[in-house]
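Residue numbers (our numbering), protein chains in the order written: chain A, 79 to 294; chain B, 79 to 294.
2 protein chains.
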Amino acid sequence: MTGPADGGKPTKAEARREALRTALVAAAERRIAADGLGALRARDLAADAGCALGAIYTAFPDLDALILAVNLRTLGLFEAALGPEADGFDAAGAADELVRLGQAYLAFAQGHARRWRALFQHQLADGRRPPDGYVAEQARLFRRIEAPLQALRPDLPALERVLLARSLFSATHGIVMLGLDARLMVLPVAVVRDQLDLLIRAMATGLANADGAGAA
Amino acid sequence: MTGPADGGKPTKAEARREALRTALVAAAERRIAADGLGALRARDLAADAGCALGAIYTAFPDLDALILAVNLRTLGLFEAALGPEADGFDAAGAADELVRLGQAYLAFAQGHARRWRALFQHQLADGRRPPDGYVAEQARLFRRIEAPLQALRPDLPALERVLLARSLFSATHGIVMLGLDARLMVLPVAVVRDQLDLLIRAMATGLANADGAGAA
DNA sequence: TTCGGTTGTGAACGATGTTCATAACGCGGG
DNA sequence: CCCGCGTTATGAACATCGTTCACAACCGAA
């Protein structure tokens with residue numbers, strides 16, 4: 079298969095493939111941003127990227143891998159939109175930071191609606207697990223939540239803090255996703271923003287008040 | 079198109095079509111429960127229901143309509159799983175009821191994983207809006223949340239209570255959905271159950287504490 | 001029984017992701 | 001400069017979808 083060292087390929091061919099990869103990813107991003115993930119067609123991509131239909135499969139094993147590459151870039155875009163990681167919160171500032179993160183998530187979801195939707199619309203084939211960079215990016219994003227959470231509840235063990243960060247993200251994600259979902263009534267963004275603010279603050283105060291009180 | 083009154087069709091043909099509809103819905107339910115929405119094939123359905131391929135389109139305009147029929151039944155199944163609607167909560171009982179509803183949602187999602195996933199995996203074509211029974215069922219389910227919410231915060235205007243009920247559902251949905259999602263790490267159900275309990279209670283106490291305090 | 005309209009049938013159609021025989025290419029040695 | 005061969009790109013062909021439609025079977029009334 080691949081040469082043991084780097085063999086006879088003087089990176090000339092590999093450079094071409096890499097260029098084709100980025101061209102295809104760029105084309106796929108444009109298509110998804112314009113018409114959504116469901117409108118992605120192999121033949122359109124080939125035309126946009128100026129390559130033959132079969133050439134796609136010299137750059138990616140299948141379209142799923144190409145979509146994963148686009149989604150990875152979307153995750154990176156979101157991380158960049160979050161700005162540099164802040165630090166050192168008091169309990170009140172921690173709640174504010176959680177709200178800020180949630181609002182940033184909403185803003186990103188609304189500003190890049192189709193790309194963001196593609197993140198969850200895309201189902202990876204049955205046994206496959208997401209590529210490494212994917213879960214690494216997820217972990218990086220979850221850590222953004224863990225920081226204010228630690229300020230809010232310094233008593234929590236690390237494992238529970240990790241789980242709670244993920245659940246806070248999940249709750250936020252649910253509010254954003256279903257708030258913008260056409261299956262339910264689509265809510266005005268200002269309404270979703272207020273709901274997010276209200277519920278994230280409620281969770282923050284509720285969590286702070288649960289400090290030790292609920293322990294058996 | 080359709081006769082002005084009911085014309086010459088003595089419900090004989092319509093009865094056949096209705097029987098075919100239920101047979102197709104049953105077949106689709108079995109397929110979805112067994113292999114997931116993505117494995118649904120028109121030809122398989124025709125074989126399972128014992129009809130010709132084209133006959134599907136005499137009973138439903140397209141497969142989307144058939145899937146919507148299955149999803150509507152799934153929503154009904156969930157409502158039945160919730161049991162009769164309770165009533166009359168004090169503030170403490172209201173939080174318990176919210177937790178109970180959330181846990182019921184988790185249990186249903188886990189017990190009917192593929193059917194439940196089909197509810198959200200299915201994307202309705204661009205301009206189409208869900209059929210009437212669909213939104214009616216949604217409203218019925220959201221009312222289950224509004225009841226304890228009114229006990230928790232009697233001061234809230236009706237509109238805000240409706241919005242908050244929807245957001246509470248959305249947050250719960252997010253925790254359940256991402257807790258069972260293969261894109262992230264799949265969490266043990268017991269963990270999701272604990273997270274749900276923790277965060278729903280946090281939201282309940284947080285909302286109760288926000289009573290009038292945050293008003294400008 | 002015979003005839004008119006209605007309904008079921010499944011081959012055919014267009015679209016789609018993926019593959020593969022073939023052609024074009026690039027490069028090192030004569 | 002040119003030839004020969006391994007490598008790579010090409011797009012027609014393939015398998016598989018949802019959906020349609022010309023046609024045949026059917027059914028009830030005359």
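Don't be surprised by glycine CBs; every beta carbon is placed ideally from N, CA and C.
* Asked: Distance, Cα to Cα, Asp-140(B) vs Ala-203(B)?
  -> Taking the second sequence and counting its residues from 1, the one referred to as residue 140(B) is at position 62. Taking the second sequence and counting its residues from 1, the one referred to as residue 203(B) is at position 125. For Asp-140(B) and Ala-203(B), the distance between alpha carbons rounds to 11 Å.
* Contact with chain B by Leu-256(A), beta-carbon distance below 7 Å -> For this step, residue 256(A) is matched to residue 178 along the first sequence. Yes, because at least one Cβ of chain B sits closer than 7 Å to the Cβ of Leu-256(A).
* Can you name, in chain order, every residue of its own chain whose Cβ lies under 7 Å from the Cβ of Leu-241(B), other than the five neighbours on each side? -> Counted from its first residue, the second sequence places residue 241(B) at position 163. Correct list: empty, nothing qualifies.
* To do: Classify Gly-114(A) as helix, strand or coil using the three-state DSSP reduction.
  => Working through the first sequence from its first residue, we reach residue 114(A) at position 36. It is coil, neither helix nor strand.
* Asked: How is the alpha helix (DSSP H) around Asp-140(B) delimited, first residue to last?
  -> Taking the first residue of the second sequence as 1, we reach residue 140(B) at position 62. Neither: Asp-140(B) is in no alpha helix (DSSP H) and is coded neither H nor E.
* Ala-282(A) - containing alpha helix (DSSP H), residue span -> The residue given as residue 282(A) occupies position 204 in the first sequence. Residues 267-287.
* Asked: Taking Cβ positions only, does Gly-284(A) come closer than 7 Å to chain B?
  -> Reading the first sequence from its first residue, position 206 is the one you call residue 284(A). Yes, Gly-284(A) counts as interfacial toward chain B.
* **Same chain only: Cβ atoms within 8 Å of Ala-124(A), ignoring 5 sequence neighbours per side** => To locate residue 124(A), count along the first sequence from 1; it is residue 46. Contacts found: Ala-130, Leu-131, Ala-133, Ile-134.
* **Beta carbon proximity, His-190(B) to chain A, threshold 7 Å** => As a working mapping, residue 190(B) is identified with position 112 in the second sequence. No, His-190(B) does not count as interfacial toward chain A.
* Report the residues of the region 211-240 of chain B with a CB closer than 7 Å to any CB of chain A, ordered along the chain. => Gln-216
* For Thr-136(B), I'd like the list of residues in its chain whose CB is within less than 8 Å of its CB, leaving aside the five on either flank, ordered along the chain. => In the second sequence, the residue the question calls residue 136(B) occupies position 58. Excluding sequence neighbours, Thr-136(B) sits near Arg-95, Leu-98.
* Asked: Does the distance from the CB of Leu-197(B) to the CB of Thr-250(B) come in under 7 Å?
  -> One-based indexing of the second sequence puts residue 197(B) at position 119. One-based indexing of the second sequence puts residue 250(B) at position 172. Result no, Cβ atoms of Leu-197(B) and Thr-250(B) do not sit closer than 7 Å.
* **Residue burial classification, Ile-278(B) (beta-carbon count within 10 angstroms, cutoff 16)** => The count along the second sequence starts at 1 and reaches residue 278(B) at position 200. Classification for Ile-278(B): buried.
* Asked: How should Val-270(B) be labelled, buried or exposed, when 16 other C-beta atoms within 10 angstroms of its C-beta is the threshold for buried?
  -> Start at 1 with the first residue of the second sequence, and residue 270(B) comes out as number 192. Label assigned to Val-270(B): buried.
* Between Met-281(A), Val-254(A), Ala-105(A), which lies nearest to Ala-185(A) when the distance is taken from Cα to Cα? -> Locating residue 185(A) in the first sequence gives position 107, counting from the first residue. Ranking the options by Cα distance to Ala-185(A), first place goes to Val-254(A).
* **Contact belief for Leu-160(B) with Arg-222(B) at Cβ below 8 Å, rounded distance in angstroms** => Here the question's residue 160(B) lines up with position 82 in the second sequence. Here the question's residue 222(B) lines up with position 144 in the second sequence. That belief holds up - the Cβ atoms of Leu-160(B) and Arg-222(B) are roughly 6 Å apart, short of 8 Å.
* Asked: Counting pairs of Cβ atoms below 8 Å between the region 226-238 of chain A and the region 166-175 of chain B, do you hit three or more?
  -> no
* Per-residue burial, Pro-162(A) [other beta carbons within 10 Å of its own, 16 or more giving buried] -> Taking the first residue of the first sequence as 1, we reach residue 162(A) at position 84. Pro-162(A) comes out exposed.
* Note the first and the last residue of the continuous alpha helix (DSSP H) segment covering Val-254(A). => Position 176 of the first sequence holds residue 254(A). Note, Val-254(A): alpha helix (DSSP H), 236-257.
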